[in-house]
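Going by the numbering used here, the sequence shown opens with residue 4, and the numbers climb by one from there.
Idealized CB from N, CA, C, for every residue including glycine.
Written below as structure tokens is the structure these notes are about.
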Amino acid sequence: MIIAHSVQNWLPITQTWIYNQLRYMKSVQSIVLTYQRENLSLFPWDLIIEANNLDNILFRAIRKADINFRRYPRVFDDAIKKNKPDIFHSHFGNRAWFDLHLVQDNDLKQIVTFYGFDVGMLPAKNPIWIKRYKELFSSAEMFLCEGPYMANSLIDLGCPMEKVKVHSLGIDTKTLQYSRFSDSYYGYNQFNGRALTEKQMLSRMADFVEIDAILENGTKVRIKDDYSLTD
4 MIIAHSVQNW LPITQTWIYN QLRYMKSVQS IVLTYQRENL SLFPWDLIIE ANNLDNILFR
64 AIRKADINFR RYPRVFDDAI KKNKPDIFHS HFGNRAWFDL HLVQDNDLKQ IVTFYGFDVG
124 MLPAKNPIWI KRYKELFSSA EMFLCEGPYM ANSLIDLGCP MEKVKVHSLG IDTKTLQYSR
184 FSDSYYGYNQ FNGRALTEKQ MLSRMADFVE IDAILENGTK VRIKDDYSLT D
């Protein structure tokens, strides 16, 4: 199986989870379509198709003007015809809307992953995206999101329930160093993130409480958001 992945830039250091999605899919071949490469030393990939500078400048101008106009670089179309992917995976909902013509012109099955701002802040800030998403919802095959809160948010925007799947992101536990707690262990468990509903802080706190019950050590939980530190 061959999957074409569409990302705005390959790859910001804040989007490591996208890299992990690709490199842990051992049984498929993944190609990357992007408008700009960055951080290649951190996120190396063999098959990256990059738009030329003119296409990059034009796309950014269209996005900034926020007009209902879409075009795709010829190099993307050539890569699709050459590699013949089975699935087209758009990362972020707004990226997926811009991908629609490329997907439709090549008769591809499109999967879209939403990550947060694209389902929350973007349509709230600019309602034109509600209309654009309705077009996307009717066209793409499946929509992936990180948790049930985001799944319900997609459904509230008009996405058919049967097209929404929860696909939780994970980490490579083999890279974590294991330390055995001593009987006298006492310390903090810290959760870093913005204090938003979709971060499911109450659920994380419940996990910490369950761990504490096992350790029987009265471990404190520290929740840190962007603006304050609350114990």
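Determine which residues share a DSSP beta bridge with residue i and list them.
i: Arg63; result: Answer is none; Arg63 lacks a bridge partner.
i: Val122; result: Answer is none; Val122 lacks a bridge partner.
i: Ile5; result: Gln32
i: Val78; result: Answer is none; Val78 lacks a bridge partner.
i: Lys166; result: Beta-bridge pairing links Lys166 to no other residue.
i: Arg40; result: Trp13
Tell me the DSSP secondary structure of residue i in three-state form.
i: Ala54; result: coil
i: Leu147; result: strand
i: Asn12; result: strand
i: Val35; result: strand
i: Ile70; result: coil
i: Ser156; result: helix
i: Ser231; result: Its pLDDT being 42, under 50, Ser231 is placed unreliably by the model, and nothing is read from it.
i: Ile83; result: helix
i: Trp20; result: helix
i: Leu45; result: coil
For residue i versus residue j, is the C-beta distance shorter than 8 Å?
i: Val122; j: Met164; result: no
i: Pro130; j: Ile5; result: no
i: Ile90; j: Ile114; result: yes
i: Leu45; j: Ile16; result: yes
i: Ala143; j: Ala99; result: yes
For my contact list, residue i and residue j are in at a C-beta cut-off of 8 Å; report their separation, rounded to the angstrom.
i: Tyr27; j: Phe62; result: With 8 Å as the limit, Tyr27 and Phe62 do not qualify as a contact, their Cβ atoms being about 29 Å apart.
i: Ile21; j: Asn86; result: Actually they do not touch by this definition, with Cβ atoms about 19 Å apart.
i: Phe79; j: Leu36; result: 5 Å
i: Asp102; j: Ser93; result: 5 Å
At what residue ranges does the segment 88-142 contain a whole run of the beta strand (DSSP E), taking only runs of 3 or more? 90-94, 112-116
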